[in-house]
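A.B. asks: Residue numbers (my numbering): 464 to 588. Glycine included, C-beta positions come from ideal geometry on N, C-alpha and C. Here's a structure for you.
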């Protein structure tokens, strides 16, 4: 590390905090411009089927979950990283499940073909 560094971690953290506020404002402005639901074929508050703009069915939302996969042995590789032999199963921590969002905070869906579809690109029919 260079001891003559003029920037400090604190200064960088302050810049990051400022940028995060600015980002949040831009995301809110973009979401306001998207006008979610403008292509829906059902009234607000009425259940419907979720489809893409070209009517392909949405299979579900894209989710991530945490889990634990048991390790039987580990090996150190020449580059210092580790390689594992796993027990064969993963214990899923369902309470940690969360819906994935795009960098602009749109929910990500998966269509019937396994393709990702952003929240702004779906409608209720």
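#1: My assumption, with CB atoms under 8 Å, is that residue 574 sits in contact with residue 534. Please give the rounded CB distance.
#2: Compute the beta-carbon to beta-carbon distance between residue 514 and residue 563, rounded to the nearest angstrom, for a pair I have assumed lies under 8 Å.
#3: Identify whether residue 588 lies in helix, strand or coil by the three-state DSSP scheme.
#4: Is it the case that the stretch 544 to 562 contacts the stretch 476 to 492, given that we only count it when at least three CB pairs across the two stretches are under 8 Å?
#5: When you compare only the Cα positions, how much space is there between residue 500 and residue 583?
#6: For residue 547, count the other beta carbons within 10 Å of its own beta carbon; 16 or more makes it buried, fewer makes it exposed. Which is it?
#7: Mapping DSSP to helix, strand and coil, what is residue 550?
#8: Compute the beta-carbon to beta-carbon distance between residue 581 and residue 568, rounded to the nearest angstrom, for a pair I have assumed lies under 8 Å.
#9: Where does the unbroken beta strand (DSSP E) through residue 513 begin, and where does it stop?
C.D. replies: A quick look at the data gives this:
#1: Reading the chain shown from its first residue, position 111 is the one you call residue 574. Reading the chain shown from its first residue, position 71 is the one you call residue 534. Contact flag wrong, Cβ pair sits at about 36 Å.
#2: Mapped onto the chain shown, residue 514 falls at position 51. Mapped onto the chain shown, residue 563 falls at position 100. Not really, about 19 Å apart at Cβ, beyond 8 Å.
#3: In the chain shown, residue 588 corresponds to position 125, counting from 1. The answer is coil: DSSP assigns residue 588 none of H, G, I, E or B.
#4: no
#5: On the chain shown, position 37 is the one that residue 500 refers to. On the chain shown, position 120 is the one that residue 583 refers to. Approximately 8 Å between the Cα atoms of the pair.
#6: Taking the chain shown and counting its residues from 1, one reaches residue 547 at position 84. Exposed: under 16 other Cβ atoms inside 10 Å.
#7: As a first step, residue 550 must be located in the chain shown, where it is residue number 87. Of the three classes helix, strand and coil, the one that applies to residue 550 here is strand, per DSSP.
#8: Taking the first residue of the chain shown as position 1, residue 581 is located at position 118. Taking the first residue of the chain shown as position 1, residue 568 is located at position 105. Between residue 568 and residue 581 the Cβ distance is about 10 Å, and since that is not below 8 Å, they are no contact.
#9: Position 50 of the chain shown holds residue 513. Start and end: 513 to 515.
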